[in-house]
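Participant: Under our numbering, residues -9 to 217 are what the sequence shown spells out, in order. In this text, a Cβ means the ideal position worked out from N, Cα and C, and glycines have one as well.
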Amino acid sequence: MGNKIDKIFSDLEERMKYFSQLGVEYLSSPVSSSASSTIPKSPSFLSLRKDILYCQRCSLSQERKNAVPGEGNQEAELMFVGEAPGHDEDVQGQPFVGRAGQLLTKIINAMDYQRQDVFITNVIKCRPPQNRTPYKKEIEQCAPYLLKQIQMIDPRVIVALGKVAADFFIDSDLSMSLLRGNFYEFQKVRIMPTFHPSYLIRNEGNREIKKMVWEDMKKVLAVLGKK
Ligand code: URA
-9 MGNKIDKIFS
1 DLEERMKYFS
11 QLGVEYLSSP
21 VSSSASSTIP
31 KSPSFLSLRK
41 DILYCQRCSL
51 SQERKNAVPG
61 EGNQEAELMF
71 VGEAPGHDED
81 VQGQPFVGRA
91 GQLLTKIINA
101 MDYQRQDVFI
111 TNVIKCRPPQ
121 NRTPYKKEIE
131 QCAPYLLKQI
141 QMIDPRVIVA
151 LGKVAADFFI
161 DSDLSMSLLR
171 GNFYEFQKVR
181 IMPTFHPSYL
191 IRNEGNREIK
201 KMVWEDMKKV
211 LAVLGKK
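1. What beta strand (DSSP E) runs, 3 residues minimum, are completely inside the stretch 56 to 109?
2. Determine contact between the stretch 138 to 146 and the stretch 35 to 50, defined as no fewer than three beta-carbon pairs at a distance below 8 Å.
3. Is Gly171 closer than 9 Å to Lys217 when the C-beta atoms are compared?
4. Measuring only from the beta carbon, is Asn56 closer than 8 Å to any heavy atom that is part of the ligand URA?
5. Do the CB positions of His186 and Gly72 come within less than 9 Å of each other?
6. Pick from Ile191, Leu151 and Ile114: whose alpha carbon is nearest that of Leu136?
7. Tell me whether the beta-carbon of Cys116 lies closer than 9 Å to the beta-carbon of Leu50.
8. For the alpha helix (DSSP H) that contains Pro187, what are its first and last residues?
9. For a cutoff of 9 Å on Cβ pairs, would you count Pro183 as touching chain C?
10. Thinking C-alpha only, which one of Lys138, Asp102, Gln64 and Pro59 is nearest Ser32?
11. The ligand URA and Asn112: does the residue's C-beta get closer than 8 Å to at least one heavy atom of that ligand?
12. Using three-state DSSP, classify Arg197 as helix, strand or coil.
13. Could you spell out where the beta strand (DSSP E) holding Val149 opens and where it closes?
14. How would you write the range of the alpha helix (DSSP H) that Tyr283 sits in, first residue to last?
15. Any contact between the stretch 156 to 166 and the stretch 192 to 201? By contact I mean 3 or more CB pairs, one from each, below 8 Å.
16. Could you tell me the distance, in whole angstroms, from the CA atom of Pro134 to the CA atom of Val81?
17. Ordered along the chain, which non-local residues of its own chain (more than five positions away) have a Cβ less than 7 Å from that of Asn63?
18. Using 8 Å as the cut-off, classify the Cβ of Glu79 as near or not near the heavy atoms of the ligand URA, replying yes or no.
19. What number of angstroms, rounded off, separates the C-alpha of Gly13 from the C-alpha of Tyr103?
20. Which of helix, strand or coil does DSSP assign to Tyr135?
So, in structure tokens, the structure goes:
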């Protein structure tokens, strides 16, 4: 028994050393186990997409025009995860196509990627009324879809855009300003939290915030071996 516990601790220590060499500062797993246990069994990306499009798990399904599963490369090394679809996304059924989306596209292009090279999605797949912040319950009910997407795509890095996305992956009370700029680890994927493009838009004249986001993206590129 004692030996078994020693072995668990020494394995854990090895694992922590490995991640710390990779620059990961914290290991976390904030998504509740009930969410992981309801991961849909969809056998393919297409069937998962259909499950999301016809989902009725929560009341947001009653008010949406379209569910927004996400789009891009199903084998992407890099994923961007935002909060929830807004008005334009609800109308078009695509993620990040409004003003914040145009800015996200610029960031992706500045990283020398096209939108179709990466995978773009949100924590929740349907628009909350008046773009309010999603409720905890809605996030929990929708979580299995994002978890399944991550499992299928198996990206190397996920950029978490804004606090809702950061909270999905990282178990911390820190503000975005303190969270951003560091890598975290979620189910063996490296997570880089950064400011949401809408926040950049709301603070348009603030060059500091822009600079911070770009610094974060440069760290992502370094991990991907691109810079
Ligand atoms: N904001 C988000 O978080 N996601 C979108 O798809 C659009 C705006």
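Facilitator: Straight from the coordinates:
1. 68 to 72
2. yes
3. no
4. no
5. yes
6. Ile114
7. yes
8. Pro187 to Arg192
9. Looking at the structure shown, chain C is missing, and only one protein chain is on hand.
10. Lys138
11. yes
12. helix
13. Val147 to Leu151
14. Residue 283 lies beyond the range of the chain shown here (-9 to 217); nothing can be said about it.
15. no
16. 24 Å
17. Gln106, Asp107, Val108 and Phe109
18. yes
19. With a pLDDT of 48 at Gly13, under the threshold of 50, the predicted position of this residue should be treated as unreliable, and no value is reported.
20. helix
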